[in-house]
Amino acid sequence: MELESIILPGVDAQRPIVIAGPCSAESEEQVLETARGLAAKGIKIFRAGIWKPRTKPGGFEGIGAGGLAWLKKVKEETGMYVSTEVATKDHVFEALKAGIDMLWIGARTTVNPFAVQEIADALKGVDIPVLIKNPVNPDLELWMGAFERLYNAGIRRLGAIHRGFSSYDKKIYRNLPLWHIPIELRRRLPELPIFCDPSHIGGKWELVAPLSQQAMDLSFDGLIIESHCNPECAWSDASQQITPDVLDYVLNLLVIRDTVQTTENLSELRRQIDQVDEQVLELLAKRMRISKEIGVYKKEHNMPILQSPRYSEILKKRSKMGEQMELSPEFVKVILQEIHEESVRQQMIIMNQ
Ligand code: PEP
Ligand code: MN
Numbered sequence: 011m012e013l014e015s016i017i018l019p020g021v022d023a024q025r026p027i028v029i030a031g032p033c034s035a036e037s038e039e040q041v042l043e044t045a046r047g048l049a050a051k052g053i054k055i056f057r058a059g060i061w062k063p064r065t066k067p068g069g070f071e072g073i074g075a076g077g078l079a080w081l082k083k084v085k086e087e088t089g090m091y092v093s094t095e096v097a098t099k100d101h102v103f104e105a106l107k108a109g110i111d112m113l114w115i116g117a118r119t120t121v122n123p124f125a126v127q128e129i130a131d132a133l134k135g136v137d138i139p140v141l142i143k144n145p146v147n148p149d150l151e152l153w154m155g156a157f158e159r160l161y162n163a164g165i166r167r168l169g170a171i172h173r174g175f176s177s178y179d180k181k182i183y184r185n186l187p188l189w190h191i192p193i194e195l196r197r198r199l200p201e202l203p204i205f206c207d208p209s210h211i212g213g214k215w216e217l218v219a220p221l222s223q224q225a226m227d228l229s230f231d232g233l234i235i236e237s238h239c240n241p242e243c244a245w246s247d248a249s250q251q252i253t254p255d256v257l258d259y260v261l262n263l264l265v266i267r268d269t270v271q272t273t274e275n276l277s278e279l280r281r282q283i284d285q286v287d288e289q290v291l292e293l294l295a296k297r298m299r300i301s302k303e304i305g306v307y308k309k310e311h312n313m314p315i316l317q318s319p320r321y322s323e324i325l326k327k328r329s330k331m332g333e334q335m336e337l338s339p340e341f342v343k344v345i346l347q348e349i350h351e352e353s354v355r356q357q358m359i360i361m362n363q
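Under this note's numbering, the letters of the sequence shown match residues 11 to 363, in that order.
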């Protein structure tokens, strides 16, 4: 993909690029009061949901196209760029007609290739930045597919929003961060700017600051944060919104570490890591060779591949061994399970030969 910058004129390209505003546009007063507060803190890109995909009927499903006029007012009065979520071609037409500067595709829309394609078709020939939230399920290919659909429609100013992934049991987070997924996205599409949405990952305003810091430490380009002039009274996502003042406080506390490797020491440590990785791979290859030999033996002696007492014993002994080496038991367990699975796969190949 050959992408173009999503940075709008006048917006500082330095990390983090910040998009802020309420979950939903509720009234003209709420939109303008929030926007004024954010503009006073130097925020340049305003967000507000006009059409809200809600889990259950009966909740506030967004003010609808009428609210676009309020975003127009935000633009005129504060000079901020305005952005909103689109989920259908009608949303796209309405948003473009109202002069919205940036669009995003929500997590519940990214999961549906028909919906993404409809949006892509509606955007053909339009030059507007589009951010795509990860699908609610942890499926990187589906996320990639959405970028491809928009790209094939000619959209070159693309960005990603990492908003976390749904899970059955909710513990600390509303949506699990699963950071390795946006990290893999970065590896596959290095030019694609990635925003973190700490509001929807955390689901609680207290988590906005630590999640934002984590995103910065992982070299994310920007943050999209829900901010409301009166969070407790918000019509949607009340528990995760922060006032413009609190947002400003959070942003000022962020430590932005340099993304470029500069020190000699780091190069030396990385050289050591490269060497150790090579040794780890050599040892794994050796282990697989032995495992295959065992496979041949089992085949010749008519033995089954899986010997579960042996497997349980390995897991127990190695976890203990790992602990003595200051490795976490969960980590050791995951690694051993993967290795064991691969050994079984290899032995099955031998059995079927
Ligand atoms: C939102 O940004 O308000 C929103 C609906 O988010 P998501 O699509 O991530 O749930
Ligand atoms: Mn929201």
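We put the beta carbon where it would ideally sit given N, CA and C, even for glycine. Small disclaimer: the values here were computed from a predicted structure and weren't measured.
**Message:** Does the distance between the C-beta of R118 and the nearest non-hydrogen atom of the ligand PEP fall short of 7 angstroms?
**Reply:** Position 108 of the sequence shown, counting from 1, holds the residue named residue 118. R118: yes, Cβ under 7 angstroms from the ligand PEP.
**Item:** For W245, the residue or residues it bridges with in DSSP
**Value:** Along the sequence shown, read from residue 1 onward, the residue named residue 245 stands at position 235. None, per the DSSP bridge assignment.
**Item:** Environment of K62 [buried if 16+ CB atoms lie within 10 Å]
**Value:** Indexing the sequence shown from 1 puts residue 62 at position 52. Residue environment analysis places K62 among the buried positions, since at least 16 neighbouring C-beta atoms fall within 10 angstroms of its C-beta.
**Request:** Please work out which residues of its chain come closer than 6 angstroms, Cβ to Cβ, to R184, disregarding the five sequence neighbours upstream and downstream, and give them in chain order.
**Result:** To locate residue 184, count along the sequence shown from 1; it is residue 174. Cβ within range, chain order: G213.
**Within 8 angstroms, strictly: CB atoms of I349 and R299** = Here residue 349 corresponds to residue number 339 of the sequence shown, with the count starting at 1. Here residue 299 corresponds to residue number 289 of the sequence shown, with the count starting at 1. Contact: no.
**Asked** Leaving out the 5 sequence neighbours to the left and right, which residues in its chain are closer than 6 angstroms to A9 when beta-carbon positions are compared?
**Response** Since the displayed the chain opens at 11 and closes at 363, residue 9 lies outside it and no answer follows.
**Message:** I want to know whether the segment 234–243 touches the segment 44–61 - three or more CB-CB distances under 8 angstroms.
**Reply:** yes
**Item:** Closer than 5 angstroms: residues whose CB approaches a heavy atom of the ligand MN
**Value:** C33 and D247
**Prompt:** Between G72 and I60, is the Cβ-Cβ spacing less than 8 angstroms?
**Reply:** The residue labelled residue 72 in the question sits at position 62 within the sequence shown. The residue labelled residue 60 in the question sits at position 50 within the sequence shown. Cβ distance < 8 angstroms, so G72 and I60 count as in contact.
**Message:** Less than 6 angstroms between C-beta atoms, sequence neighbours within five positions excluded: which residues of the same chain meet that for G305?
**Reply:** The count along the sequence shown starts at 1 and reaches residue 305 at position 295. Taken in chain order, the residues that qualify are Q357 and I360.
**Prompt:** Would the beta-carbon of E95 be found less than 7 angstroms away from any heavy atom of the ligand PEP?
**Reply:** Along the sequence shown, one-based indexing puts residue 95 at 85. Distance from the C-beta of E95 to the nearest heavy atom of the ligand PEP is below 7 angstroms.
**Item:** Nearest to S353 (by Cα), restricted to the options Y321, T98 and K326
**Value:** Here residue 353 refers to the residue found at position 343 of the sequence shown. Considering only Y321, T98 and K326, the residue with the shortest C-alpha distance to S353 is Y321.
**Test item: CB-CB of S176 and S34 under 8 angstroms** = Within the sequence shown, the letter at position 166 stands for residue 176. Within the sequence shown, the letter at position 24 stands for residue 34. No.
**G31 beta carbon near the ligand PEP (any heavy atom closer than 7 angstroms)** = Position 21 of the sequence shown holds residue 31. No; taking the cut-off as 7 angstroms, the Cβ of G31 has no heavy atom of the ligand PEP nearer than that.
**Request:** Quick one: residues in its chain with C-beta nearer than 8 angstroms to the C-beta of R166, no 5 flanking neighbours on either side, listed in chain order?
**Result:** The residue given as residue 166 occupies position 156 in the sequence shown. Same-chain partners within the cutoff: E12, L13, E14 and D137.
**Request:** Check each candidate in G332, L199, A248 and G135 and name the one with the smallest Cα separation from R151.
**Result:** The count along the sequence shown starts at 1 and reaches residue 151 at position 141. A quick correction: the sequence has Glu, not Arg, at residue 151. Taking only the C-alpha atoms, the option nearest E151 is L199.
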